[in-house]
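Below is one structure; the comments refer to it alone.
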Amino acid sequence: DGGITQSPKYLFRKEGQNVTLSCEQNLNHDAMYWYRQDPGQGLRLIYYSQIVNDFQKGDIAEGYSVSREKKESFPLTVTSAQKNPTAFYLCASSIMGGVGGAGRNEAFFGQGTRLTVV
Amino acid sequence: KNEVEQSPQNLTAQEGEFITINCSYSVGISALHWLQQHPGGGIVSLFMLSSGKKKHGRLIATINIQEKHSSLHITASHPRDSAVYICAVIAYGGSQGNLIFGKGTKLSVKP
């Protein structure tokens, strides 16, 4: 079955360590996204990619890095420069059909990763 | 102004009540998703809509493309429906990629 896999579901790290969150999809979606959610807040865009080897910063990219070497994979690294890394992280992917949206239009969402830095 | 607006932001209901959560958007879209997030939990996709109406159990989602509006209804609400409900659109030429989220509606259903 096609889907998007985000791992791990829970992650604990020591302060000052870099940590990489995994996101893989086998849906042949072109676009992939990373969002961050703080308690009681909405989802905020960290990075997105609409094509392999290209990605764009979202609203809160500072302290994060991504890569898109393969269409299926869009890992997010939370670096030690991120001042407040403890949060819920969500990966998503989407495809939009051709002209006028004809064809397949869909988005899939990972389960999320709860990162706690101690 | 956010491109996807949800209302209300918070909603408290008594068990058994009919609930409506609204989502308005200002961009052209090809599809809209309703998502559910339980406290401390992950994200679950409830519906994807590009027109009309869909029903699953006690949940009904409708969309009016001309009016750029969607609603999520919960009939005979139950405390286990307590969660954050999030509207997400697949947009044409959105300002940041083509997947845009609303800020969510926090629903609490009291027994």
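Chains as they are written, first to last, in our numbering: chain A, 1 to 118; chain B, 1 to 111. Every residue gets a Cβ at the ideal spot worked out from N, C-alpha and C, and that includes glycine.
In this structure, the alpha-carbon of A31(A) lies about 5 Å from that of S93(A). Taken in chain order, the members of the region 13-35 of chain B whose beta-carbon sits within less than 9 Å of a beta-carbon on chain A are G28, I29, S30, A31, H33 and L35. Cα atoms of N64(B) and V117(A): separation of roughly 43 Å, rounded to the nearest angstrom. Fully enclosed beta strand (DSSP E) runs of no fewer than 3 residues occupy 54-57, 64-66 and 76-78 of the region 49-78 of chain A, in order along the chain. By the 16-neighbour rule on beta-carbons within 10 angstroms, P79(B) is exposed. Residue nearest to L43(A) within the set N105(A), E106(A), F88(A) and N84(A) is F88(A) (criterion: CA-CA distance). Residue contact with chain A for L59(B): absent (no Cβ-Cβ distance below 9 Å to any residue of chain A). Apart from the 5 residues on each side of it in sequence, L11(B) sits with its Cβ closer than 8 Å to the Cβ of I19, I21, T105, K106, L107 and S108 in its chain, given in chain order. Chain order gives the chain A residues near A88(B) as A107, where near means a beta carbon separation below 7 Å. DSSP places R80(B) in the helix class (H, G or I) of the three-state scheme. Residues S80 of the same chain have their beta carbon placed closer than 8 Å to that of G16(A), with the five preceding and five following residues left out of the count.
For R114(A), the enclosing beta strand (DSSP E) begins and ends at T113 to V117. Taking 9 Å as the cut-off, the Cβ atoms of E106(A) and L27(A) count as close. The C-beta separation of R68(A) from F55(A) comes to about 5 Å, placing the pair in contact by the 8 Å criterion. Taking C-beta atoms as the reference points, Q6(A) and Q111(A) count as a pair closer than 9 Å.
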